[in-house]
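Scroll down for the structure; my scribbles are underneath it.
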Amino acid sequence: IGVFYWIALLNYFQEVIEAMEALAGGESLIQLRPQLREVEQHMNEVRLQIRRNEQLAKDAEQRKNDLVVYLAHDLKTPLTAIITYIDLLKEENTTEEQRREYLETLERKSLRLKVLIEDLFEVSKANSGSVNLELVPVDICHLMRQVYLEYEDKMEEAGLQVRFSVPEEKIILRLDSQKTYRIFENLYVNIIKYALHDTRVFVAAEKYDGNDGSAPKIRIEMKNISEQEILGDPQELSERFVRGDASRNS
Numbered sequence: 020i021g022v023f024y025w026i027a028l029l030n031y032f033q034e035v036i037e038a039m040e041a042l043a044g045g046e047s048l049i050q051l052r053p054q055l056r057e058v059e060q061h062m063n064e065v066r067l068q069i070r071r072n073e074q075l076a077k078d079a080e081q082r083k084n085d086l087v088v089y090l091a092h093d094l095k096t097p098l099t100a101i102i103t104y105i106d107l108l109k110e111e112n113t114t115e116e117q118r119r120e121y122l123e124t125l126e127r128k129s130l131r132l133k134v135l136i137e138d139l140f141e142v143s144k145a146n147s148g149s150v151n152l153e154l155v156p157v158d159i160c161h162l163m164r165q166v167y168l169e170y171e172d173k174m175e176e177a178g179l180q181v182r183f184s185v186p187e188e189k190i191i192l193r194l195d196s197q198k199t200y201r202i203f204e205n206l207y208v209n210i211i212k213y214a215l216h217d218t219r220v221f222v223a224a225e226k227y228d229g230n231d232g233s234a235p236k237i238r239i240e241m242k243n244i245s246e247q248e249i250l251g252d253p254q255e256l257s258e259r260f261v262r263g264d265a266s267r268n269s
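This is the structure we're talking about:
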């Protein structure tokens, strides 16, 4: 009986070892004898997790590739304009008024290019995990309004009526103030770019306490009506570097 026991045990070990070797490859589920059903279930869970991790890595690589393509386009747009206006400045029949207009455009496009390059560096640092956050106490509601005031004129030019529903009290969170400012800035700029003109924009914030007694949290929503029809899965707009419309104007 002892010999048969050890032979059976060795067979079990051999079957498990072979299954482990096949764990990373193939698509089919691992199947073991009934006596090893619990081991089979654990190994298939590991296999599914490996598949999920592989897909996450693939998606992350695709997002980086997409970002490079989008940034290359966005960098090309102001750079092409800069070259064009430099050529215009070289023309002998350029008037003083035209020269001032060209210089103003050059300054605006140069600043846009500077922002895009800074964004590229920020993304590179984020991908390498070397981003340093300088956390300080920030009144998040005040910051939202402050950034809006910077773009209020452009909102009005686009006929956008902004409706705020934000607590009047101070809500202090530990944040990197500059990076948080950039987040709101990008959101407002995108609203100006892509919202349907002469419509309302809703900016809301709701404070709530953590269930575990942690520091207060805040939920922020910005809603607008898109000028263009949203194509594809709306969920991808927050998960990938995609745009909801076909426009690529910067």
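Take the sequence shown: its position 104, counted from the start at 1, is 123 in this note's numbering, and no numbers get skipped.
Ideal Cβ positions, reconstructed from N, Cα and C, are used throughout, including at glycine.
Since residue i contacts residue j with CB under 8 Å, what's their CB separation in whole angstroms?
i    : j    : result
I192 : I159 : It is worth fixing the name first, because residue 192 is Leu in this sequence and not Ile. Yes, they are in contact, since the Cβ atoms of L192 and I159 sit about 5 Å apart, within 8 Å.
N243 : V220 : 5 Å
I190 : P235 : 7 Å
L94  : L132 : 7 Å
L51  : A38  : 6 Å
N63  : L48  : 5 Å
T114 : L107 : Not quite, the Cβ-Cβ distance comes to about 11 Å (not below 8 Å), so this is no contact.
Pick out whichever of the options has its Cα sitting closest to the Cα of residue i.
i    : options                : result
V166 : I190, N84, E188, S196  : S196
G178 : V87, K212, E115        : K212
T199 : V157, E169, N84        : V157
S287 : V222, L154, I202       : The chain is shown only over 20 to 269; residue 287 falls outside these bounds and no answer can be derived.
E187 : K109, M174, L108, M163 : M163
S245 : E115, Y227, A214       : A214
E225 : L154, L90, I237, R71   : I237
S143 : V87, L67, Y227         : V87
I136 : E111, M62, A91, Q33    : A91
L122 : Y104, D138, T113       : Y104
A145 : K83, T218, L67         : K83
N205 : M241, R119, Y227       : M241
L139 : E248, Y89, E111        : Y89
Across which residues does DSSP place residue i in a beta bridge pair?
i    : result
D158 : I191
M241 : V222
K236 : Y227
Restricting to runs no shorter than 4 residues, where is the alpha helix (DSSP H) found entirely within the stretch 130-155?
Qualifying alpha helix (DSSP H) stretches: none in this window.
Residue ranges of each alpha helix (DSSP H) within the stretch 160-232, 4 or longer:
171-176, 196-213
Check whether the stretch 100-107 and the stretch 51-58 are in contact - that is, three or more C-beta pairs closer than 8 Å.
no
Evaluate contact between the stretch 83-98 and the stretch 122-133, counting only Cβ atoms and requiring at least three cross-stretch pairs below 8 Å.
Yes, since at least three Cβ pairs between the stretch 83-98 and the stretch 122-133 fall closer than 8 Å, the two stretches touch.
Completely contained alpha helix (DSSP H) runs for the stretch 50-82, where each covers 4 or more residues
none
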